[in-house]
Amino acid sequence: MLQPKKVKYRRPMKGRAKGLAQRGNQLAFGSFGIKSLGTIWLTGRQLEAARVAVTRYMQRQGQVWLRVFPDKPITKKPADVRMGKGKGDPEGFVAPVTPGRIIFEIEGVNYEIAKEALRLAAQKLPVVTKFVVRRDYDIKNENA
Numbered sequence: 003m004l005q006p007k008k009v010k011y012r013r014p015m016k017g018r019a020k021g022l023a024q025r026g027n028q029l030a031f032g033s034f035g036i037k038s039l040g041t042i043w044l045t046g047r048q049l050e051a052a053r054v055a056v057t058r059y060m061q062r063q064g065q066v067w068l069r070v071f072p073d074k075p076i077t078k079k080p081a082d083v084r085m086g087k088g089k090g091d092p093e094g095f096v097a098p099v100t101p102g103r104i105i106f107e108i109e110g111v112n113y114e115i116a117k118e119a120l121r122l123a124a125q126k127l128p129v130v131t132k133f134v135v136r137r138d139y140d141i142k143n144e145n146a
C-alpha cells in the first residue's frame, strides 16, 4: 500500500481543503489524464485499486503516472471510546485532492484505450472526475 517511509509529524491537524488546485492541474507527463472535480481525501488503497485497473486494461503497454501521493497521516479513535482523552492513533495515509487536480496520466496508447482505461480507474475513486486530453494531441491523425 502507498505510504511515506517517514513523516515529520505523526499526528497533524486536519486542515481545510478549500478552493481549486493551484498546482498539479495541467497534464505534465502523458497525453491523457483524469482530473478531479471535487474535494476529497484519497487513500492509498483507492489509488492502488485504480492504478491496477488502468494497467490491467492497457495490458502493460504504455506508461502510467500517479500524480498524487498519500502522505497525510489520518488518526482514528477506537470504537466505544468516550470523548476527550487525547487524539487517536494514526490509522493510515491520505492524499488531499481539490477540484482541478490531475490524479492519473497515461501515454503510449491510443485514444480509445486511454479513455476506457481511465474510465475504469475513475470508477474505483470516490470522487467525480473528468477525462482530459493534451491540448496539442491530434485524435484525427492518431491511426495514420
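Residue numbers (our numbering): 3 to 146.
Where a beta carbon is used, it is the ideal one built from N, C-alpha and C, also for glycine.
Going by DSSP, which residues form a beta bridge with K132? K37
Straight-line CA distance for V66 to G86? Rounded to whole angstroms, V66 and G86 show a C-alpha spacing of 44 Å.
State the Cα-Cα distance for the pair R62 and N112, rounded to the nearest angstrom. 14 Å
If you draw a straight line from the alpha carbon of R58 to that of V129, how long is it in whole angstroms? 21 Å
Minimum C-alpha distance to G88 - residue among K79, I42, V96: K79
From the DSSP output, in three-state form, read off V83 for me. coil
Through-space distance from N27 to P92, alpha-carbon basis: 29 Å
So what does DSSP say about A51, is it helix, strand or coil? helix
So the candidates are L44, G40, Q125, F133; which of them puts its Cα closest to the Cα of N117? The amino acid at residue 117 is misidentified as Asn; the sequence shows Lys. K117 has its Cα closest to that of F133, out of L44, G40, Q125, F133.
V70 versus L122: straight-line alpha-carbon distance, rounded: Each residue's alpha carbon lies about 18 Å from the other.
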